[in-house]
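Okay, so here's the structure we're looking at.
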Amino acid sequence: MDASPHSSNCSQKEVKGKTRANYETQWGRYDERIAAERRLNNSPVADPLLRTIMPLTGKTMIDLGVGTGGFAFRAMELSPPERMIGVDFSSRALHVSKAVADAQPFTDMDFEGVLGDLERLPLADRCADVILSQASFNLLPDKSAGMKEMARIAKPGAKMVLSDAFRARRKCEGEPWEACVAGAVTVAEFSTLALSAGIIISHQIDFTPRVTQLVKSKKWDWPEFIEHRLDYRGFVMFKA
Ligand SMILES: C[S@@+](CC[C@H](N)C(=O)[O-])C[C@H]1O[C@@H](n2cnc3c(N)ncnc32)[C@H](O)[C@@H]1O
Numbered sequence: 002m003d004a005s006p007h008s009s010n011c012s013q014k015e016v017k018g019k020t021r022a023n024y025e026t027q028w029g030r031y032d033e034r035i036a037a038e039r040r041l042n043n044s045p046v047a048d049p050l051l052r053t054i055m056p057l058t059g060k061t062m063i064d065l066g067v068g069t070g071g072f073a074f075r076a077m078e079l080s081p082p083e084r085m086i087g088v089d090f091s092s093r094a095l096h097v098s099k100a101v102a103d104a105q106p107f108t109d110m111d112f113e114g115v116l117g118d119l120e121r122l123p124l125a126d127r128c129a130d131v132i133l134s135q136a137s138f139n140l141l142p143d144k145s146a147g148m149k150e151m152a153r154i155a156k157p158g159a160k161m162v163l164s165d166a167f168r169a170r171r172k173c174e175g176e177p178w179e180a181c182v183a184g185a186v187t188v189a190e191f192s193t194l195a196l197s198a199g200i201i202i203s204h205q206i207d208f209t210p211r212v213t214q215l216v217k218s219k220k221w222d223w224p225e226f227i228e229h230r231l232d233y234r235g236f237v238m239f240k241a
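Heads up: the sequence shown begins at 2 in my numbering, then just goes up one per residue.
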């Protein structure tokens, strides 16, 4: 399968359609219990990033590609913000997120799920104090659009924490897009995209050994990460 958006027979729209269908199926197997397990398993990656932006009291926080809330609800556990908005184009993801939000201990917190595309966010300019995104950015066929949208919804000075897979090696033919592989860029490419959108990277963490360990111990179901020898990095950034 060649799911590259640049291939002549697979448009960006088709790539997104496949990605969405894949996640509708994946999140279809999830409920609050499995989402909580995933959140706990991913916490060795999420927690160090979240600690750089705490306390979140009084803040409006937006999770881009919220899925079942692995990052968003972990933030709510560690330091509850005033408002949490989770954006995803999978309606099944938002269904499970809503169930998690309605469950203890989140009942008193304001969580809003928004169905939308990260390349064209249905959100107002400068509405976010803090932005989160975990393992979602590399699924965007148009990363420049995604980065610009992130900058548009951020208030000046807003902090952003993003983590994702990156490639240190040359891209190969036939890599799967939906498994967060074919869309992975290099750190240099990512830094250029951020800077062009007016986003400054203040800190970078290499989570590769930690993610490798999580995958090997079956706490992160992502065999492609090891198979395609990806890196996993976290970035702390702010809107200039
Ligand atoms: C690997 S999951 C990560 C979910 C969550 N951030 C976590 O860490 O558990 C990627 C998520 O991004 C969403 N996604 C991918 N491309 C998207 C797009 N163009 N617009 C909105 N959501 C997208 C998928 O539906 C999926 O829920």
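Where a beta carbon is used, it is the ideal one built from N, C-alpha and C, also for glycine.
Helix, strand or coil at residue i [DSSP, three-state]
i: Ala180; result: coil
i: Gly18; result: helix
i: His229; result: coil
i: Met77; result: helix
i: Met55; result: coil
i: Ala37; result: helix
i: Thr69; result: coil
i: Met148; result: helix
i: Pro157; result: strand
i: Phe239; result: strand
i: Gly117; result: coil
i: Ala129; result: strand
i: Ser8; result: Confidence in Ser8 is poor, its pLDDT being 46 and thus under 50, which makes the residue's placement unreliable; the coordinate value appears in the next sentence. Reduced to three states, the DSSP call for Ser8 is coil.
i: Arg171; result: coil
i: Leu50; result: helix
i: Thr108; result: coil
Start-to-end residues for the alpha helix (DSSP H) that takes in residue i
i: His96; result: 92-103
i: Ser197; result: 188-197
i: Leu140; result: Looking at the DSSP string, Leu140 is not in any alpha helix (DSSP H), and its letter there is neither H nor E.
i: Thr213; result: 209-217
Cβ-heavy atom distance, residue i to ligand 1, below 7 Å
i: Arg211; result: no
i: Asn42; result: no
i: Gln135; result: yes
i: Arg30; result: no
i: Thr53; result: no
i: Phe72; result: yes
i: Ala94; result: yes
i: Ser12; result: no
i: Ser91; result: yes
i: Thr26; result: no
i: Asp118; result: yes
i: Lys311; result: Residue 311 is absent from the model: the chain starts at 2 and stops at 241.
i: Gly235; result: no
i: Leu79; result: no
Pick from the options that is closest to residue i, judged by C-alpha positions
i: Arg75; options: Glu15, Ser197, Arg127, Leu57; result: Leu57
i: Lys160; options: Ala189, Ala169, Asp130; result: Asp130
i: Thr187; options: Ile201, Glu15, Lys144; result: Lys144
i: Ile54; options: Ala36, Pro81, Pro45, Gly66; result: Pro81
i: Leu65; options: Thr193, Leu133, Thr213; result: Leu133
i: Ala241; options: Arg127, Lys217, Ser98, Ala136; result: Arg127
First and last residue of the uninterrupted beta strand (DSSP E) at residue i
i: Glu84; result: Going by the sequence as given, residue 84 is Arg instead of Glu. Unbroken beta strand (DSSP E) run through Arg84: 84-89.
At a cut of 8 Å, does the segment 139-157 reach the segment 27-36 through at least three beta carbon pairs?
no
Kindly confirm or deny that the segment 12-29 and the segment 204-213 touch, where touching means at least three C-beta pairs closer than 8 Å.
no
Counting beta carbon pairs with one atom in the segment 152-165 and one in the segment 229-236, are three or more of them shorter than 8 Å?
yes
Quick check: the segment 96-116 against the segment 75-85, are at least 3 beta-carbon pairs closer than 8 Å?
yes
At least 3 beta-carbon pairs within less than 8 Å: the segment 38-54 vs the segment 69-77
yes
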